[in-house]
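Protein chains in written order, with the numbering used here: chain A, 796 to 1137; chain B, 796 to 1137; chain C, 796 to 1137; chain D, 796 to 1137.
Using N, Cα and C, we set each Cβ at its ideal position, and we do this for glycine too.
Number of protein chains: 4
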Amino acid sequence: MLSFKNDYSEGACEEIMQALMKTNLNQTIGYGCDEICQEAKTAIQNKLHNHACDIHFLVGGTQTNQIVISSALRPYEAVIAADTGHINVHETGAIEATGHKVLISESKDGKVLPFGIEDVMKLHTDEHMVKPKMVYISNATETGSVYTKQELLELREVCDRYDLYLYMDGARFPMALMSNDSDVIFEDLTSIFDVFYLGGTKCGALFGEAVVIVCDALKTDFRYSIKQRGAMLAKGRLLGVQFLELFKNDCYERLASHANEMAQELQNGCIKMGMQMLAPSSTNQLFPILSNEKKEQLEKYCLFEDWKIIDEDHTAIRFVTSWATRKEDVDTLLKILRNLYA
Amino acid sequence: MLSFKNDYSEGACEEIMQALMKTNLNQTIGYGCDEICQEAKTAIQNKLHNHACDIHFLVGGTQTNQIVISSALRPYEAVIAADTGHINVHETGAIEATGHKVLISESKDGKVLPFGIEDVMKLHTDEHMVKPKMVYISNATETGSVYTKQELLELREVCDRYDLYLYMDGARFPMALMSNDSDVIFEDLTSIFDVFYLGGTKCGALFGEAVVIVCDALKTDFRYSIKQRGAMLAKGRLLGVQFLELFKNDCYERLASHANEMAQELQNGCIKMGMQMLAPSSTNQLFPILSNEKKEQLEKYCLFEDWKIIDEDHTAIRFVTSWATRKEDVDTLLKILRNLYA
Amino acid sequence: MLSFKNDYSEGACEEIMQALMKTNLNQTIGYGCDEICQEAKTAIQNKLHNHACDIHFLVGGTQTNQIVISSALRPYEAVIAADTGHINVHETGAIEATGHKVLISESKDGKVLPFGIEDVMKLHTDEHMVKPKMVYISNATETGSVYTKQELLELREVCDRYDLYLYMDGARFPMALMSNDSDVIFEDLTSIFDVFYLGGTKCGALFGEAVVIVCDALKTDFRYSIKQRGAMLAKGRLLGVQFLELFKNDCYERLASHANEMAQELQNGCIKMGMQMLAPSSTNQLFPILSNEKKEQLEKYCLFEDWKIIDEDHTAIRFVTSWATRKEDVDTLLKILRNLYA
Amino acid sequence: MLSFKNDYSEGACEEIMQALMKTNLNQTIGYGCDEICQEAKTAIQNKLHNHACDIHFLVGGTQTNQIVISSALRPYEAVIAADTGHINVHETGAIEATGHKVLISESKDGKVLPFGIEDVMKLHTDEHMVKPKMVYISNATETGSVYTKQELLELREVCDRYDLYLYMDGARFPMALMSNDSDVIFEDLTSIFDVFYLGGTKCGALFGEAVVIVCDALKTDFRYSIKQRGAMLAKGRLLGVQFLELFKNDCYERLASHANEMAQELQNGCIKMGMQMLAPSSTNQLFPILSNEKKEQLEKYCLFEDWKIIDEDHTAIRFVTSWATRKEDVDTLLKILRNLYA
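Here it is as structure tokens:
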């Protein structure tokens, strides 16, 4: 059966698998202190045009959000997010489990709005309420949208004004980077964010997220936090091996571009046949709206996720493409859809 | 340089690497709900001769201890361990980070003693103190020793008497299983322990630990705990693929036997040349005592860990072998040592 | 200066002060295990017509909410509340500090709505999200409104349907009880709620809240939770002494009635002179809307709280009366207001 | 029946009761922001000869330890204590409940030893272990002993060397202060400790502990921590009223002296009749060793605590005197003992 269910259905890209095979019997010291990890960190720093940032490799996204946020905040401090934010909905209270409240800011298309942050700050004025100290955004967002550089600079400005850390969940940052709607480039990141992560899991790696810490105050003892949260991989070099490949020869960008292109081809096809989209997308997630009858028929041929009930008879579903999506599968899906819509 | 520093210096055994390559582009659903994980769980249940237990795959040991323990205990409940227990010393307070105290029981050679547990229970009598509710042991222990079946049954008895869960950290259980000093077999495990894990990281896998939950009360909602602690791997099938290989054709036992054999060969050589051992070992960790002068010379040729200061002039060091240790490296190390001791 | 700022501006009612003086040099055992506490618990059980419930005395409201909720929930479980709920806004993340998410249900006038709970339940379906397990309401609510018995029974029904605990924060329950809008009586409480507390701080005591646990599952080891959260008063009998007085001779009801009557007198006066109220109130909190100009003038004579910005020129303020409010102070305040509105 | 069970069996000293009565109907703003609290803080600062320190009033000792320690430490940091330390044994894991490990230092007579701290520091060297950051002592200790100024200065020195906060639990500091074995004076405290508390509960107050924060880094947002842990008393002025009385006219010292004197009289009598003490005491706790037979007889006349099993036939028990202990009760107890020992 076809699957457009998510962008972590397959293993890793060929380059990574080969590198894992090649280095398999090499002996290295553990916990990410090896030379391959060091090399991978330098490769990322080169891409960012910033060699003063700290880089740490973690295994997964929820883990990364939990460690970054709990490491940055004092017990009574809180993080601001969109109501659709991954940390607010889809992490089983991982942030609260470390003692911190997630505050909701007004948002649009999954994007946090500067005045939404301001509103939260104005409401939290004394010790009877939590103290907001960080803004969490994801880019691309959970709904597939991307921030423009101007939008990010406006968030930075409001964070500066209120002494807030600005943190980007970059699980799908490569797709944002390569999106036609985004003018953000790698070199922008360390001047905009205090801390962010570049996702590996959804862009060619078996697993892995690269945390980049820009703000000095957040650098202190970060490895203690990694270990305490159970996230220090014994064979840490596995993360170095993977990120080294991703940041060689623009592999990361190439994989993300492929995912985006497959999505655009699919989206164009859908629109051409008159399907409505919940919102246009320039990344690898699409949210077409189907009648429940058509949705039911489609389920016979293809895996996907239900996203949102639109009305009694219609549902927005989610198609996700990835670095591994094959053009022939997109074509097949479009053919199936055309049959449904004929 | 030679390395006898630990048992996670290399990648994975050949069978696992091949299986990862072979399944790499297969599409599966995420988070360990795929068929390969299911197959691997059945393979483990077969080995345990118990199909009523729940099995969950996690990435690493500290993570596993944290999730199992915090999931089992109410906030004011505590876990009992040896002072050398991994959760007490080497997990950066991961258990306390989830709110639970680690209580120390008297132990011998790294092994918790039944009367040590009784002493703890007698001291904790009311609500002004934590309530002990679980006993944590590791087998093989942090110091390389193993429990006999009789010793485990005695722990079980005292746990039953005081209504305590008995939990085994099996990061190196395969080495204990294959040790000449142990009469424990796979079939014993689910009748002795309420919950335990079988280590993959230190026995042939890239990473991975298989949690086996026997006690029904501990099964409820365990996947919520996994997710909340940031430990639910997106491409969960990677764990299934690896454990399926380990539990095929006695691969797991074979890898552990190799590690033990390499250690015994090394130990025999050491003893033959008159070196003293901190304690005899039947598993893959050895603790020879060297003069500091000889230790310094050895450091030029071989990586190992300092374990314990014996006196002003002597230190116990640690050699660890693994499934990947080459016989020629053992021979080379013995040759170097013979030169030092000549 | 007049103060209508809150209902904890004064000490305790005369009966309590006398009882504290009288028992001051009596020797009792500590931590609430004394006979006076036992007597006070029986007095409360008598009032509730239920002698199977457990009763514990705590010092303050946030403390009580934190202990009740964290004691009831497993780590990944969450509590549902109105967005105006005290635990959501005014407790500095005390619930999250114990690891639990506060989920927001749709509400009206500060009251949680049954279908709001249903909506939350429908959205939280698997282990990627927290698991809602408790509904928190306050009665009277933070906005002064009260639940009818019918409304409470409907909440009970939805809680039964979804296996949720129903918990009432009764910091101002006596005012709800004595409100003209409420048909709830003491005898109803233990059949509707799994756990609730009866507030002392805001109804005549120096401090103190009486937790009543109806549901057996929530009774286990509750004193451990009290102690672990730092809430076990050494001289616990101070709480017993106070609650014994409150539950003697309808003292509790009488004090609450006085607070309500003073508020009604004030409200009637306000309405008569044409002031608009944010919502009508039958308890001891009033929320008149003033022009900012008038508000500024009033601040010269009287302490009160700003509650909500209505528009650029108007603000809802809060007047609170208490068991200690003097009729002459209400008269004086009305006179001042009449001057402003003349 | 006589009670020498503890020093919190009675209410408050006469001065405090009168002040509570006198101020009872005064209206003040809540949460300790009132003028009486301010006055009490100034009185304490005067006594300490230091007006730069911050002072906060809390209700009880476990609460205070929990808030001070959790507020000072980052999540992976730990606090060092004697194994007999109150936070290690008698607070139901309150410190661990906030995520922090309690590390045990070698101690003597309940007093932490400088080289014990050094040993802990030498063992905790990297991110696989918690990071010790604070030393907790109690003075007087749980076993009635007191630190000399020289001993405290040596602790300060080792804390400076290892960048550790030094914190004193002063639940029984007044008894230490007035002890014949102590040369510490009030003026010493702020130059030795980063943070400490002066106990009210055990020295004349109904309840209350005064936290004194010397170190600037620990001052930030302390009220947020108080509120988040449920410890901000609504009628905060109750704490101010009490501490103001205690720090007027040397009331605090006088009450402590009385407790010590009663204990010394009792101790002298015990020794004179040949009873053995577990250790000599110069404060208000005594630990005589009795045969179990005599202990059983004594239980008919007097409440006390069993402290420690000495051997099969002997037990050390604990007598505690307080500000409220009557000379005639000491005489009666001595008479009973003399009869037992006749």
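### Query
Would the beta-carbon of G995 (chain A) fall within 8 angstroms of that of F1002 (chain A)?
yes
### Task
For H885 (chain C), go through chain A and note every residue whose CB falls closer than 8 angstroms to its CB, in chain order.
H923 and M924
### Task
Have a look at A:T938, A:K928 and A:T887 and flag the residue whose alpha-carbon is nearest the alpha-carbon of T920 (chain C).
A:T887
### Task
Work out the CA separation of V897 (chain A) and L950 (chain A) for me, nearest whole Å.
18 angstroms
### Query
If you measure from the beta carbon of Y1019 (chain D) to each beta carbon in chain A, is any gap under 8 angstroms?
yes
### Message
Just to confirm, is the Cβ distance from P1083 (chain D) to A892 (chain B) under 8 angstroms?
### Response
no
### Query
In this structure, does DSSP put P1075 (chain C) in helix, strand or coil?
coil
### Task
Taking only runs that begin and end inside the stretch 1031-1061 of chain C, name each unbroken alpha helix (DSSP H) of 4 or more residues, in chain order.
1032-1041
### Query
Per DSSP, what kind of secondary structure is H1171 (chain D) in: helix, strand or coil?
Outside the displayed range of chain D (796 to 1137) lies residue 1171 (chain D), so it cannot be described from this structure.
### C832 (chain B) - partner residues in DSSP beta bridges
According to DSSP, C832 (chain B) bridges with nothing at all.
### Query
What is the rounded straight-line gap between the Cα of F1099 (chain C) and the Cα of Y962 (chain A)?
39 angstroms
### Where the alpha helix (DSSP H) through S1117 (chain C) begins and ends
Note, S1117 (chain C): premise wrong, no alpha helix (DSSP H); not H, not E.
### Query
Using DSSP with H/G/I as helix, E/B as strand and the rest coil, what is L948 (chain C)?
helix
### Query
Are the stretch 818-838 of chain A and the stretch 839-855 of chain C touching, with three or more C-beta to C-beta distances below 8 angstroms?
no
### Task
For N819 (chain A), return the contacting residues in chain B, with the cut-off set at a CB-CB distance below 8 angstroms.
E805, G806, A807 and M812
### Query
According to DSSP, which residues form a beta bridge with L853 (chain D)?
D:E1004
### Query
For the stretch 923-957 of chain C, which residues have a beta carbon sitting closer than 9 angstroms to at least one beta carbon of chain A?
H923, M924, V925 and K926
### Query
Cα-Cα, which of D:K917, D:R1113, D:Y931 and D:I862 is closest to S902 (chain D)?
D:Y931
### Exposure of N860 (chain B), with buried meaning 16 or more beta-carbon neighbours within 10 Å
buried
### Message
Against H844 (chain B), what residues of chain D qualify as contacts under a CB-to-CB distance less than 7 angstroms, listed in chain order?
### Response
The contacting residues do not exist; H844 (chain B) stays about 36 angstroms from chain D at best.
### Three-state secondary structure (DSSP) of K1067 (chain A)
helix
### Task
For R1121 (chain A), name the three-state secondary structure that DSSP assigns.
coil
### Bridge-paired residues (DSSP) for R1113 (chain D)
D:E1100
### Task
Would you please verify whether the beta carbon of G1025 (chain C) is less than 8 angstroms from any beta carbon of chain D?
yes
### Task
Give every residue of the same chain whose Cβ lies closer than 8 angstroms to the Cβ of C1010 (chain D), excluding the five residues on either side of it in the sequence, and list them in chain order.
Y960, D989 and V990
### Query
Within the 8 angstroms Cβ cut-off, does K1014 (chain B) reach chain C?
no
### Buried versus exposed, by CB contacts within 10 Å (16 or more), D955 (chain C)
exposed
#### Entry: H923 (chain C) versus C:S986, C:N883 and C:E872, residue with shortest Cα-Cα distance
C:E872
### Query
What whole-angstrom Cβ distance do A1054 (chain C) and M970 (chain C) have, given they're in contact under 8 angstroms?
6 angstroms
### Query
Straight-line CA distance for E1004 (chain B) to A1051 (chain B)?
15 angstroms
### Query
Which residue spans inside the stretch 881-921 of chain D form an unbroken alpha helix (DSSP H) run of at least 4?
881-884, 889-892 and 909-918
### Task
For T1015 (chain A), count neighbouring Cβ atoms within 10 angstroms of its own Cβ and tell me buried if that reaches 16, exposed if not.
exposed
### Query
Name the DSSP beta bridge partners of Q1080 (chain D), please?
D:V1115
### Query
Any beta-carbon of chain A closer than 8 angstroms to the one on G894 (chain C)?
yes
### Task
With F968 (chain A) as the anchor, note down where its alpha helix (DSSP H) starts and where it stops.
F968 to L972
### Task
Evaluate L918 (chain B) with the Cβ neighbour count: other Cβ atoms within 10 Å of its Cβ, from every protein chain shown; 16 or more gives buried, anything less gives exposed.
exposed
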